[in-house]
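A short write-up of the structure that comes next.
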């Protein structure tokens with residue numbers, strides 16, 4: 561098995577079954593995501609209300625491109641990793657920052673996963689109570705979007 565598994569629409573069910581089985585041994589999930597940039601960046605030291613308003617604006621206007629998941633156990637032994645590529649982003653109609661467009665052009669939109677299909681398929685795993693801990697980078701964005 562490859563350490564980082566690329567997940568597209570055609571192999572979503574198979575890869576989620578593998579992920580689900582791996583949770584028995586590796587119940588900790590580290591998650592990161594790719595977004596089409598950020599439209600508003602909060603200055604360091606800004607009041608919490610400012611942070612909240614920028615967060616809300618970005619969440620309301622940006623679509624997630626790729627969530628990535630890595631499984632590990634409580635002793636930090638790493639299992640498999642997955643990158644799920646979504647198909648929802650449309651360069652012509654969706655908000656993005658210019659630096660993100662090249663990333664999108666290098667990835668296959670036609671083979672991507674509709675985010676609604678990912679949510680539907682991942683929800684039983686998410687609610688299985690086998691995930692003991694989440695580790696995230698920009699976690700507040702990640703968990704609110706997915």
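Numbering (this note's numbering), first residue to last: 561 to 706.
For glycine and all other residues, C-beta sits at the position ideal for the given N, C-alpha and C.
Rounded to the nearest whole angstrom, the C-alpha separation of residue 573 and residue 618 is 30 Å. Three or more Cβ pairs closer than 8 Å define a contact, and the stretch 594-601 meets that threshold against the stretch 644-658. An exposed status is given to residue 638, since fewer than 16 other beta-carbon atoms sit within 10 Å of its beta-carbon. Look at residue 590 here: in three-state DSSP terms it is strand. Counting along the chain, residue 566 sits inside the beta strand (DSSP E) bounded by residues 564-567. Taking a 10 Å sphere around the C-beta of residue 674, we find fewer than 16 other C-beta atoms and assign the residue as exposed.
Setting aside the 5 residues that flank it on each side, residue 648 is surrounded in the same chain by 623, 674, 675, each with a C-beta closer than 7 Å to its C-beta; the list follows chain order.
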